[in-house]
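*Asks:* As given, the protein sequences belong to chains A and B, one line each in that order.
Take -10 as the starting number for the first sequence in our numbering and just add one per residue.
Take 5 as the starting number for the second sequence in our numbering and just add one per residue.
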Amino acid sequence: MKKASWVIMALVTVVFVVSWIAKSSSYNGETDNYIAQGFLVTFAAFLTLSIMSFLYKDNPFYKFAEHLFVGISAAFWMCMGFWSTIVGNLIPRLSSSLSEWFKVPYIESDYNIAFYVPVVLGILLLMRLSSKRGWLSRWPLAFIVGTTAGLNFIRYLRSDFIKQISATLVPLVVDWQGVGHFFSTFSLSASGQFVAIVTNWVVFLGVFCGLIYFFFSKEHTGAFGRASRVGIWVLMITFGASFGYTVMGRISLLVGRITFLFKDWLEIIG
Amino acid sequence: MTVHNSLILPLVTFHDVGMVVSLLAIAAGLIWLFIRSLKGMEVDRRIIFLFIFAAVAAPLLFPFTFSEKATPVVKALFNKVESLPPGSHVLLSYDFDPAMAPEVQPMANAFTRHCLEKGHKVIYMCLFATGQGQFEETMRDVIAPEFPDKVDGVDYVNLGYKAGNEGVLNVIVTDFEKMFPTDVNTVPYDSIEVFKGIKSCKDLDLIISIGGGRPGIKEWVLFVGDQADVPIATGVAAVVAPQLYPYYPKQLLGLLGGIKGAAEYESELVRNYPRFKDSPTPGLKMMGPQTLAHMVIMSFIVIGNIIFFTQRRRERKS
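1) Distance cutoff 9 Å, beta carbons only. Does asparagine 141(A) sit that close to anything in chain B?
2) Using 8 Å as the threshold, is the stretch 149 to 168 of chain B in touch with the stretch 255 to 268 of chain B, meaning 3 or more CB pairs across them?
3) Which bits of chain A does aspartate 230(B) rub up against, with CB to CB less than 8 Å?
4) Quick check: what's the CA-CA separation for alanine 185(A) versus alanine 230(A)?
5) Can you tell me whether proline 192(B) is helix, strand or coil according to DSSP?
6) Measure how close the beta-carbons of glycine 91(B) and glycine 123(B) come, nearest whole angstrom, since I'm counting them as under 8 Å.
7) Taking beta-carbon pairs under 8 Å, can you tell me which members of the stretch 149 to 168 of chain B lie near chain A?
8) Could you confirm whether any beta carbon from chain B is found closer than 9 Å to the beta carbon of threonine 210(A)?
9) Could you tell me if valine 7(A) is buried or exposed, where buried requires 16 or more neighbouring beta carbons within 10 angstroms of its beta carbon?
10) Tell me the rounded alpha-carbon separation between asparagine 162(B) and valine 3(A).
11) If you measure between the beta carbons of phenylalanine 82(B) and tyrosine 269(B), is that distance less than 9 Å?
12) Would you identify the three-state DSSP class for lysine 92(A), choosing helix, strand or coil?
13) Out of Leu83(A), Tyr95(A), Leu255(A), point me to the one whose CA is closest to asparagine 101(A)'s CA.
14) Work out the CA separation of valine 225(B) and glutamine 231(B) for me, nearest whole Å.
15) Using 9 Å as the threshold, is the C-beta distance between leucine 125(A) and leucine 113(A) below it?
16) Apart from the five residues on each side of it in sequence, which residues of its chain come closer than 6 Å, Cβ to Cβ, to valine 219(A)?
17) Is there a Cβ of chain B sitting closer than 9 Å to that of leucine 44(A), yes or no?
18) Helix, strand or coil: which one does DSSP assign to serine 206(A)?
19) Using a Cβ-Cβ cut-off of less than 7 Å, list which residues of the stretch 185 to 207 of chain B approach chain A; keep chain order.
20) Does the stretch 106 to 115 of chain B come within contact of the stretch 295 to 302 of chain B, defined as at least 3 CB pairs closer than 8 Å?
21) Using a C-beta to C-beta distance shorter than 8 Å, which residues of chain B count as neighbours of phenylalanine 251(A)?
22) Does alanine 61(B) pass the burial test, meaning 16 or more other C-beta atoms within 10 Å, or should it be called exposed?
23) Taking only the alpha-carbon atoms, compute the straight-line gap between phenylalanine 381(B) and alanine 58(B) and give it to the nearest angstrom.
24) Looking at C-beta atoms only, is the number of pairs between the stretch 233 to 244 of chain B and the stretch 211 to 225 of chain B that lie closer than 8 Å three or more?
25) What's the C-alpha gap between tyrosine 45(A) and serine -6(A)?
26) What first and last residue would you give for the beta strand (DSSP E) that runs through tyrosine 249(B)?
27) Suppose the cutoff is 8 Å on Cβ atoms and the five residues either side in sequence are ignored; what does the same chain contact list for phenylalanine 91(A) look like?
28) Could you tell me which chain B residues have their CB closer than 7 Å to the CB of serine 231(A), listed as they occur along the chain?
29) Does valine 134(A) come within less than 9 Å of chain B when only Cβ atoms are used?
30) In whole angstroms, what is the alpha-carbon distance linking valine 77(B) and tyrosine 249(B)?
31) How many Å lie between serine 148(A) and aspartate 156(B) at the Cα?
32) In terms of residues, what are the limits of the beta strand (DSSP E) holding phenylalanine 128(B)?
33) Is it buried or exposed, alanine 64(A), if we count other Cβ atoms within 10 angstroms and call 16 or more buried?
34) Along the chain, which unbroken stretches of the beta strand (DSSP E) at least 3 residues long are found entirely within the stretch 68 to 101 of chain B?
35) Show which residues of chain B have a CB atom less than 9 Å away from the CB atom of proline 94(A).
36) I want to see whether chain A comes within less than 9 Å of phenylalanine 57(B), judged by CB atoms only; does it?
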């Protein structure tokens, strides 16, 4: 390692220790575990800054934080899978003695011999680890794919197809009571008649032109081509809105992290 | 001298000076960036990151807030919670993790405030394992300090996390007890007062899913809302909000998209319930950094386009 790297490492260690001592002192009197609390906040700030340091360039601090995150996530989800799925869902419906051993309430009324089926399928899934018996894992995998497809098919057909078509079939003239009434009650408010009519026209034309853009059996020329071009505009506006929302989301996360650094770690904002 | 101070000091505070200096520094930086780019010099990406940091940090150090007005899509959800009679059953599903928390935790806290203030019975659950920890934040920051008289099991109940994703919803749409025989404190379902008269999701008056990942609001619509015909609304991270707008208003009665949605809801809550005037409003506070950061990003887009067209014209001339 270069001399400069040693200096940076030493500097970070010193800052970390000073921060730990300062934070622990500030928590002294508020909580019994003030030393641990001071360490946790300092360590969280260190990890936040380590991840952010990647914006400058790749470095050992970023790598350490990244590897720690991946390792802890894998361990966390493995434990959660065991305690919530096997212990939480399966054992209380399968065995009273095991329930007692794991200290979860046994649900006698839910006992069903069919619950042994997922146990067997689960063991078969682990056969993937064996080079000779690996093919056995295809059976539970086929079961998972089949049930997921079956469960989702009807619901997607109903919610994302039929109901969405129904939602698109909107009246193009809303609450029409004549030209006089239209102009006498004219308003640009979101709940007004004019805005409702414009909204429905945008929905109708947007869907219609968007579908035309994806219709490739006819050459996109003339009126058909112009409608297709409107379709492209609709798609571009949609992508733009999506991008705008994504920017807002990412900025919110940055605000969250900087708030943590300023408020919980440095205590410079209230 | 005394007269001079009393006239000036109340008008110009340290925050105002800090804010103005920050804005001027950012504006000067953008002009420098523009001139540098016009001269054809490269701009390091790290300078862009520095601008974004400054745009976010300055309003946090020297806060400024905007008054938000609820848009119809947010107002619809607020009005629904308002219109339900006291004692109605509202389910809040915490379908998010700490990564989404800065955006959606303010929504979760605002929903809790509103529902408990109206006297609704609130049922908490999570489809994300990490949602349980996020509920504890609501408990610590909202329920315990602001509603000390509300009783666990009587006014609200926490069912906790249950593994199974869509499978959980597929069961509770017909039978709650089958999936949640006890609450998170192992109190049996039959003994929980909140659940009196509640057998399944069909008996609920409103379901609000807070999240942005999978499983989340889409699964709630597919497996519960459309199947059981229960009113469903959501508060989601901004990234997924555009994908959910097609469900409004027929399949979703209201939608809070990102921190803007949270700010609008908080604003509406404070306007209607002055009691919450001094309660934390992180959504509203975040709108300052959001606005400044967006302005800086828009400036980058404008500068980038000007440079692009200028360079193209130069190339054509040469």
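From the three backbone atoms N, C-alpha and C, an ideal C-beta is built for every residue, glycine too.
*Replies:* In terms of the structure at hand:
1) Under the Cβ distance rule, asparagine 141(A) counts among the residues neighbouring chain B, one pair being separated by less than 9 Å.
2) Touching, no.
3) Those within 8 Å of aspartate 230(B) in chain A are Arg144, Arg147, Ser148, Lys152.
4) The straight-line gap from Cα to Cα measures roughly 21 Å.
5) Collapsing the DSSP output to three states places proline 192(B) in a strand.
6) For glycine 91(B) against glycine 123(B), the beta-carbon gap comes to about 6 Å, under 8 Å, which counts as contact.
7) Identification of residues in the stretch 149 to 168 of chain B having a C-beta nearer than 8 Å to some C-beta of chain A yields Tyr165, Lys166, Ala167, Gly168, given in sequence order.
8) It does not: the Cβ of threonine 210(A) has no partner Cβ on chain B nearer than 9 Å.
9) Around the beta-carbon of valine 7(A), fewer than 16 other beta-carbon atoms lie within 10 Å, marking it exposed.
10) Here the alpha carbon of asparagine 162(B) sits roughly 44 Å from the alpha carbon of valine 3(A).
11) In contact: phenylalanine 82(B) and tyrosine 269(B) (Cβ atoms closer than 9 Å).
12) Here lysine 92(A) sits in coil by DSSP.
13) Residue Leu83(A) is the option with its Cα nearest to asparagine 101(A).
14) Roughly 8 Å between the two C-alpha positions.
15) A contact, by the Cβ cut-off of 9 Å.
16) Excluding residues within five positions, the ones whose Cβ falls inside 6 Å are Cys198.
17) It does: the Cβ of leucine 44(A) has a partner Cβ on chain B nearer than 9 Å.
18) In the structure shown, serine 206(A) falls within a coil segment according to DSSP collapsed to helix, strand and coil.
19) Those residues of the stretch 185 to 207 of chain B placed with their C-beta closer than 7 Å to a C-beta in chain A are Pro185, Thr186, Thr190, ordered along the chain.
20) Note that the stretch 106 to 115 of chain B does not touch the stretch 295 to 302 of chain B; fewer than 3 beta-carbon pairs, one per stretch, sit closer than 8 Å.
21) Around phenylalanine 251(A), the beta-carbon contacts reaching into chain B at under 8 Å are Ala61, Leu64, Leu65.
22) That one is buried.
23) As shown, chain B starts at 5 and ends at 322. That puts residue 381(B) outside it, with no answer to give.
24) Contact between the stretch 233 to 244 of chain B and the stretch 211 to 225 of chain B is present, because at least three Cβ pairs lie under 8 Å.
25) Taken atom to atom, the span from the alpha-carbon of tyrosine 45(A) to that of serine -6(A) is near 15 Å.
26) According to the DSSP assignment, tyrosine 249(B) belongs to no beta strand (DSSP E), since it is labelled neither H nor E.
27) Short of 8 Å from the beta carbon of phenylalanine 91(A), and not among the five residues preceding or following it, lie these beta carbons of its own chain, in chain order: Val76, Ile80.
28) Listed along chain B, the residues sitting closer than 7 Å to serine 231(A) by beta-carbon distance are Pro246.
29) Proximity of valine 134(A) to chain B, defined by a Cβ-Cβ separation below 9 Å, is not satisfied.
30) Using only the alpha carbons, I get a separation of about 9 Å.
31) Approximately 35 Å, taken between the alpha carbons.
32) Looking at the sequence itself, residue 128(B) is tyrosine, so the reference to phenylalanine does not match. Element bounds for tyrosine 128(B): 125 to 130.
33) By the 10 Å Cβ count, alanine 64(A) comes out exposed.
34) Runs found: 93 to 99.
35) Ordered by position in chain B, the residues that pass the 9 Å Cβ test against proline 94(A) are Pro185, Thr186, Thr190, Pro192.
36) It does; some Cβ of chain A falls within 9 Å.
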